[in-house]
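Following: one structure in structure tokens, then a few remarks.
Residue numbers (our numbering): 11 to 107.
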């Protein structure tokens, strides 16, 4: 029995971003991966694809990699972009209380 992940985070390198976005995204869709994040670290953007009821990815949501973002499948899991991109262009997230 083949298993598939429910959530994939793909960090794209500029040299192969087009291939990853086209070929791998299509493969994830065929496999039924519920949520895919394509992270563009040089642009500080993440594109989120969510599997719809018809089994395909609809229009993606686009987010800047600032603050936090939670996957739809795991709403209590916060990805803190300020901790991931610790450079002068990243804005750290405010502390939670």
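Ideal placement from N, C-alpha and C gives every residue a C-beta, glycine not left out.
Using DSSP with H/G/I as helix, E/B as strand and the rest coil, what is residue i?
i: residue 16; result: coil
i: residue 45; result: strand
i: residue 30; result: helix
i: residue 83; result: coil
What are the partner residues of residue i, as DSSP defines its beta bridges?
i: residue 71; result: 58
To the nearest angstrom, how far is it from the Cα of residue i to the Cα of residue j?
i: residue 93; j: residue 75; result: 10 Å
i: residue 90; j: residue 16; result: 20 Å
i: residue 71; j: residue 13; result: 26 Å
i: residue 33; j: residue 86; result: 30 Å
i: residue 49; j: residue 41; result: 20 Å
i: residue 95; j: residue 59; result: 22 Å
i: residue 69; j: residue 30; result: 17 Å
i: residue 61; j: residue 67; result: 5 Å
i: residue 55; j: residue 73; result: 6 Å
i: residue 53; j: residue 27; result: 12 Å
Does the beta-carbon of residue i have 16 or more other beta-carbons within 10 angstroms, so that it is buried, or is it exposed?
i: residue 83; result: exposed
i: residue 45; result: buried
i: residue 24; result: exposed
i: residue 21; result: exposed
Got a sec: is the Cβ-Cβ distance from residue i to anything in chain D below 7 Å?
i: residue 90; result: Among the protein chains of the structure shown there is no chain D, as only one such chain exists.
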